[in-house]
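The block underneath contains the structure these notes are about, expressed in structure tokens.
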Amino acid sequence: MSDTADRSTRTYEQEPSGPVSEDERRGRRWERRRRASRSARRVLARSGLQRTIRQRLALLDAAGEVYDLDESVDMYGDGVVAALEAKVAGLLGKEAAAFFPTGTMAQQVALRCWAGRTGNPVVALHAGAHPEVHERGAFSQVSGLRPVRLTDEPRQPTAEEVRDCEEPFGALMLELPLVGPGHLLPSWEELTDLVEAARERDAVVHFDGARLWESTVHFDRPLDEIAGLADSVYVSFYKSLDGFGGAALAGPSTLVEEAKAWRHRYGGTVFQQFPTALSALLGLERELPRLPSYVRHARVVAAALAEGLAAAGLPWSRVHPEVPHTNEFQVWLPYDADTVAEAAIRTAEESGTLLFARAWNAPVPGLAVTEVDVRAPGLEWSAEDVRTAVADFVVRLREEAGRAGGRTGP
172 MSDTADRSTR
182 TYEQEPSGPV
192 SEDERRGRRW
202 ERRRRASRSA
212 RRVLARSGLQ
222 RTIRQRLALL
232 DAAGEVYDLD
242 ESVDMYGDGV
252 VAALEAKVAG
262 LLGKEAAAFF
272 PTGTMAQQVA
282 LRCWAGRTGN
292 PVVALHAGAH
302 PEVHERGAFS
312 QVSGLRPVRL
322 TDEPRQPTAE
332 EVRDCEEPFG
342 ALMLELPLVG
352 PGHLLPSWEE
362 LTDLVEAARE
372 RDAVVHFDGA
382 RLWESTVHFD
392 RPLDEIAGLA
402 DSVYVSFYKS
412 LDGFGGAALA
422 GPSTLVEEAK
432 AWRHRYGGTV
442 FQQFPTALSA
452 LLGLERELPR
462 LPSYVRHARV
472 VAAALAEGLA
482 AAGLPWSRVH
492 PEVPHTNEFQ
502 VWLPYDADTV
512 AEAAIRTAEE
522 SGTLLFARAW
532 NAPVPGLAVT
542 EVDVRAPGLE
552 WSAEDVRTAV
562 ADFVVRLREE
572 AGRAGGRTGP
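What follows is the structure in structure tokens.
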């Protein structure tokens, strides 16, 4: 089938005969993006979400490398779950750790426990932190906590903002990295100043470290030294490590024991978790050592993306941050988000190369923003490969802009 015929068939498939809702339209686009990701010959990253159930289950074929599969299955947190907890505590340099089914629950419990110890239910945090944006008010609705927002600027809070906060607070929560504005980390000096400022106010420090695993290159410090700045740390097993799910809360043994009691009360002490725990152990064994190479190569990819976009005549485009702090960063383009999303999917469908695998959002009209994630498949891309893929994408972007009738940028 020719490119033209193939393209016309896809257009027919993607356009319904009658009107559809915005949710339906987004759902169809998401499904096309997922199919394109699965079939693409070249991608910068492949996450578990993009794989089939069969492919995800195959991950456990190697589980015998990290745990004795002749041991009894876990029951309510013993066995392999306890082994995972001990492993995480050791990696983060903490006395103990507790496994949780979700990070939302882990952080609610951690900060609730700290509020009981400090006598202050107020949590100081960034306005764009995960509990403020993605947890439906769980702080106040479920845990009896009250957030105080240090800043809503697209950056990490500063030590001065912590010192100048008008209200007393019992805990300072830092999201490392701060995902919304571009997976941003403070410098090591800024981070230590933030922690010191909290201590000056007799507050404990909790790290929302869902992706803390990725931070060692930027800080040029080992994980235990980074985590050692905080009184407690939450880490995720699926965001960076490609596990099936789950999270851990690490900190003093007394805090962790209390957290386990609250985990039970919140309904998080699950009967058996061995598939998730085994996938997490495999992630710690396989992905964790590779993360520094992903971060370093993300800097190569980001620089080549910026060069390619400029060479293609899109000088208003931006890679943010210019030098990525982790293996994830943002790309901004001065186009309508729907136009860019269609061009990105078409490029993958027609060329077999998926440059932009995630959704495009529109923070303001005429600006499209997406995230780029570099993992093991991305290590195979040279800078020239990236520039070539950008040029191919821009051709289709301009075609889509023409069809959109002027809804776009240059």
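One point on numbering: in the numbering used here, the residue at position 1 of the sequence shown is 172, and numbering is uninterrupted. Even glycine gets a Cβ: it sits at the ideal position worked out from N, Cα and C.
Spatial distance of residue i from residue j (CA atoms)
i, j, result
"D395", "F271", "20 Å"
"R529", "P302", "22 Å"
"W531", "G315", "35 Å"
"A293", "D556", "The sequence as given places Val at residue 293; Ala does not occur at that position. The alpha-carbon atoms of V293 and D556 are separated by roughly 49 Å."
"Y506", "G219", "30 Å"
"F564", "S553", "17 Å"
"G274", "G484", "42 Å"
"L255", "V304", "29 Å"
"G235", "S464", "26 Å"
"R193", "R200", "A small fix is needed here, since residue 193 is Glu in this sequence, not Arg. Rounded to whole angstroms, E193 to R200 spans 11 Å at the Cα level."
"R205", "Q226", "14 Å"
"C284", "E367", "21 Å"
"A257", "A369", "28 Å"
"T180", "V561", "Residue placement at T180 cannot be trusted, given a pLDDT of 33 that sits under 50; what the coordinates show is reported in the next sentence. So the alpha carbons of these two residues sit roughly 25 Å apart."
"N291", "G264", "27 Å"
"L343", "P393", "22 Å"
"S243", "D402", "34 Å"
CB contact flag (residue i, residue j, <8 Å)
i, j, result
"G495", "A514", "According to the sequence shown, residue 495 is Pro rather than Gly. Going by C-beta atoms, P495 is not nearer than 8 Å to A514."
"G549", "H468", "yes"
"L347", "R320", "no"
"G416", "G454", "no"
"V251", "L412", "no"
"V609", "G341", "No answer is possible for residue 609: it lies beyond the span of the chain, which begins at 172 and ends at 581."
"E338", "T322", "no"
"V471", "E499", "no"
"G523", "R213", "yes"
"H377", "L262", "no"
"V545", "A216", "yes"
"A533", "A508", "yes"
"E371", "R334", "yes"
"L400", "L426", "no"
"M276", "G380", "no"
"I516", "R222", "no"
"A260", "A267", "yes"
"A211", "A519", "yes"
Local conformation of residue i per DSSP, three classes
i, result
"V535", "coil"
"E458", "coil"
"S387", "The amino acid occupying residue 387 in the given sequence is Thr; Ser does not appear at that position. It is helical."
"T275", "helix"
"V319", "strand"
"G261", "helix"
"R212", "coil"
"F442", "coil"
"D241", "coil"
"G353", "coil"
"A483", "coil"
"R574", "helix"
"V313", "coil"
"V545", "coil"
"L476", "helix"
"V191", "coil"
"R178", "Note that R178 scores a pLDDT of 36, beneath 50, so its modelled location is shaky; the value from the coordinates is reported in the next line. DSSP places R178 in helix when its eight states are reduced to three."
"F340", "coil"
"T223", "coil"
"K410", "coil"
"G198", "helix"
"W359", "helix"
"W433", "helix"
"P325", "coil"
"L400", "coil"
"R567", "helix"
Residues bridged to residue i [DSSP beta-bridge criterion]
i, result
"D379", "E346 and Y405"
"H491", "Q501"
"T524", "R213"
"K267", "Correcting the residue identity first, residue 267 is Ala in this sequence and not Lys. For A267, which the question treats as bridged, DSSP gives the partners G422."
"L296", "R320"
"V540", "W503 and N532"
Nearest-angstrom Cβ-Cβ length linking residue i and residue j, presumed shorter than 8 Å
i, j, result
"R382", "S407", "7 Å"
"L452", "Y238", "6 Å"
"V280", "A398", "Wrong, their Cβ atoms sit about 18 Å apart, outside the cutoff."
"A421", "V441", "That belief does not hold up - the Cβ atoms of A421 and V441 are roughly 19 Å apart, past 8 Å."
"L525", "S208", "6 Å"
"A419", "A269", "7 Å"
"T497", "S386", "7 Å"
"V535", "W503", "At roughly 10 Å, the Cβ-Cβ gap does not stay under 8 Å, so V535 and W503 are not in contact."
"L355", "Q327", "6 Å"
"F445", "D245", "5 Å"
"R558", "A432", "About 55 Å separates the two Cβ atoms, so there is no contact after all."
"L365", "L349", "Incorrect: roughly 12 Å between the Cβ atoms, too far for contact."
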